[in-house]
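So the sequence shown is residues 3 to 518, counted in the numbering used here.
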Amino acid sequence: MALALVTSAAFVSLGAGVGAAQGSAAMKFGMDVGSISGQKSLGIAPDYAMFWAGSWLEKSGYGSIGSSAKSAADQGVVPVVQWWYWGDDISQGCINNGCTDKYQGVWKDQAHWAAAGAKVADQLHNSLQGRAGIVVIETEFNKGNIQGWEAFDQMLADHAAIFRAHAPEVQLVMGLGNWAQQDWATWDRAAGAMDLVGFQTMRGSTRDSSSTYMGAVDSIASATVKIHSLFGHPVLLDDFALSSYPEPGYATNQETVVKALFSRLGELKADGLAGIVYRSLGDNTGADTANYYGEGEKWFGFQHNGAAKPALDDWVAGIKAERTATSPPPPPSPPPPPPPSFKASFAAKTQTNEWWVEVGVTASQGVAKVEAKLNTGAWQALPKDDWGTYAKSLHAPSGTKVQFRASNATGASALSTVYSWGPVAKNTTTATTPKFTATFSPKAIGNDWWVEVAVKGNMSIGKVEAKLNNGTWQALALQDWGSWAKSLHAPGGTKVQFRATSSSGQTALSAVTTWT
């Protein structure tokens, strides 16, 4: 992949041993989806299987997303999709006005981005069938004139909502590139819409100095601390790659950095790092050298044409040591599941014949018997008649209170309401629906581009909307801190009204507030 420049890090002394991280939860690891069986043969069954999705799918079709995700999930591995739509074309101009992809020749704009995201999400939902998956949204997006662009923060959050709607089973990751840390606070809304915050760290002799390459673990540690302190989310090193070109010198450097990574794994875990996805097990000899690292793009693997590089033994040993040190005791046997509840609905025939009691019964399980009780008398069994209801000749003059009880073979039972026998069946109780009320606390002072309100109601609140002046109602998003908000243009003097809707569909309106 073509990447922006990464920040440099000072060279540090690296320990020779491979240390196992301490902690209650093991670090998770993975590589490319095509190397699952190869990793298993090395004794390190992966947690993650990564593959890329981008604008090329407009030409090749989206089916590869579903097949790759299904292949990983069927092998017990969580697929990780690097969703790289804007790619190396990303810029404010391209996003605002649209542009032609410089590699694929396809047109890209915000509408196509949303449509393509929905297609990727649908492929994942249909192939995973409720199993876990991860999507890194717009890998290493924060480059060029994007890196501090506030408007793109909301665009990323809105794009995450597409995946929430189409593939609710996947976890979402905001995919930073490991540079320009001074601008990372820009992405608070996007991070709030994700489950994890990820970052990419790559090194190669064709772009990086020796000290920058050897300081890769320092850079990873710095990024982890920064991300966790800013956003509070678990952190994923979602694309880690070390080029061994030119060999043999940089194959030794690759091994040294891998050793350093595992020697500091405990520190990284304590700082919030939850997983590491390495670019690939094997070298990609067909990689396009027009990409950022040129010839170095071909040499990111730990194997070359099946032959191991020095770093592979350290990678395998480090994962095994980490898993051995953090293996939990076997869980206790789960308790037996509770028996399914028995539910039944009753359709009483409250006809005027005072010598006949009849009821139809529909139940969640087989019905073993049905009984009736008249007023405060004893329960009496009702035989099942030829037409499927339960009936018996009992004296129930008009006004008699009749209740039914259905039971299954295990003795679980369900009761009907109490009927008043006669021409009209009457329930003894009448349900009433309380009125939904809400109080609104607008935050009307400050940002002309931010509309926010705190809402409290006497029922669960399903959604909150805002109307500016005489415009249409616009949905607000629930924030982590409990308020409802959205980036809307509300300059001083704008009349803003809010509408809350309860989970049952009732609405409550706020007073009109003048924004200042």
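From the three backbone atoms N, C-alpha and C, an ideal C-beta is built for every residue, glycine too.
For residue i, the residue or residues it bridges with in DSSP
i	result
alanine 487	Glu454 and Ala479
methionine 216	Methionine 216 is not bridged to any residue.
arginine 133	Looking at the DSSP assignment, arginine 133 forms no beta bridge with any residue, so it has no partner.
alanine 28	None, per the DSSP bridge assignment.
histidine 306	Ala309
proline 81	Ala51
aspartate 155	None; aspartate 155 has no bridge partner.
methionine 176	Ile139 and Val199
valine 122	None, per the DSSP bridge assignment.
glycine 284	Gln305
9 Å Cβ cutoff met for residue i and residue j
i	j	result
leucine 478	valine 453	yes
phenylalanine 442	serine 512	yes
valine 108	glutamate 60	yes
tyrosine 50	glycine 200	no
alanine 346	threonine 364	yes
leucine 263	alanine 319	no
alanine 55	isoleucine 38	no
aspartate 185	asparagine 147	no
glutamate 142	glutamine 202	yes
phenylalanine 500	valine 279	no
leucine 158	valine 175	no
histidine 161	glycine 95	no
serine 282	serine 245	no
proline 236	glycine 268	no
valine 455	tryptophan 475	no
alanine 502	lysine 469	no
alanine 243	arginine 205	yes
alanine 187	glutamine 149	no
Close Cβ partners of residue i (< 6 Å) along its chain, the five nearest in sequence each way excluded
i	result
aspartate 111	Gly100
glutamine 125	Tyr64, Ile67 and Gly68
leucine 44	Val318
glutamine 156	Arg191 and Ser489
Sequence-distant residues of the same chain with beta carbon closer than 7 Å to residue i, five excluded per side
i	result
aspartate 387	Ala393
leucine 314	Phe304 and Gln305
aspartate 482	Gly194
serine 73	Val35
alanine 123	Ile164, Phe165, His168 and Ala169
threonine 518	Ala446, Ile447 and Gly494
glycine 379	none
Residue i in three-state terms, based on DSSP
i	result
proline 338	coil
methionine 92	With the sequence shown as reference, residue 92 is identified as isoleucine, and methionine is not the correct amino acid for it. Coil at isoleucine 92, not helix or strand.
glutamine 367	coil
threonine 254	helix
aspartate 240	strand
glycine 399	Here the sequence assigns proline to residue 399, which means glycine is not the residue at that position. Proline 399: coil per DSSP, three-state reduction.
valine 318	helix
isoleucine 463	strand
glutamine 184	helix
valine 514	coil
tryptophan 86	strand
arginine 191	helix
serine 265	helix
arginine 325	helix
lysine 110	strand
glutamine 149	coil
aspartate 76	helix
threonine 503	strand
methionine 44	First, the residue type needs correcting, since residue 44 is leucine and not methionine in the sequence shown. Coil at leucine 44, not helix or strand.
isoleucine 447	coil
Closer than 8 Å: residue i CB and nearest the ligand MN heavy atom
i	result
glycine 448	Ligands in the displayed structure: none, and consequently the ligand MN is not present.
Exposed unless 16 or more other CB atoms sit within 10 angstroms - verdict on residue i
i	result
aspartate 285	buried
serine 211	exposed
glycine 390	exposed
alanine 398	buried
leucine 417	exposed
lysine 437	exposed
threonine 431	Residue placement at threonine 431 cannot be trusted, given a pLDDT of 46 that sits under 50; what the coordinates show is reported in the next sentence. Exposed, by the Cβ-count rule.
isoleucine 136	buried
glutamate 152	exposed
serine 221	buried
arginine 166	exposed
proline 444	buried
isoleucine 447	exposed
glutamate 324	buried
aspartate 241	buried
Other residues of its chain near residue i: CB distance less than 8 Å, five sequence neighbours each side excluded
i	result
asparagine 410	Phe344, Ala365, Gln367, Gly368, Val369 and Ala370
glutamate 257	Lys311, Pro312, Ala313 and Asp316
alanine 223	Arg266, Glu269, Leu270 and Asp273
Any chain D beta carbon closer than 9 Å to residue i
i	result
glycine 217	In the displayed structure, chain D is absent; only one protein chain is listed.
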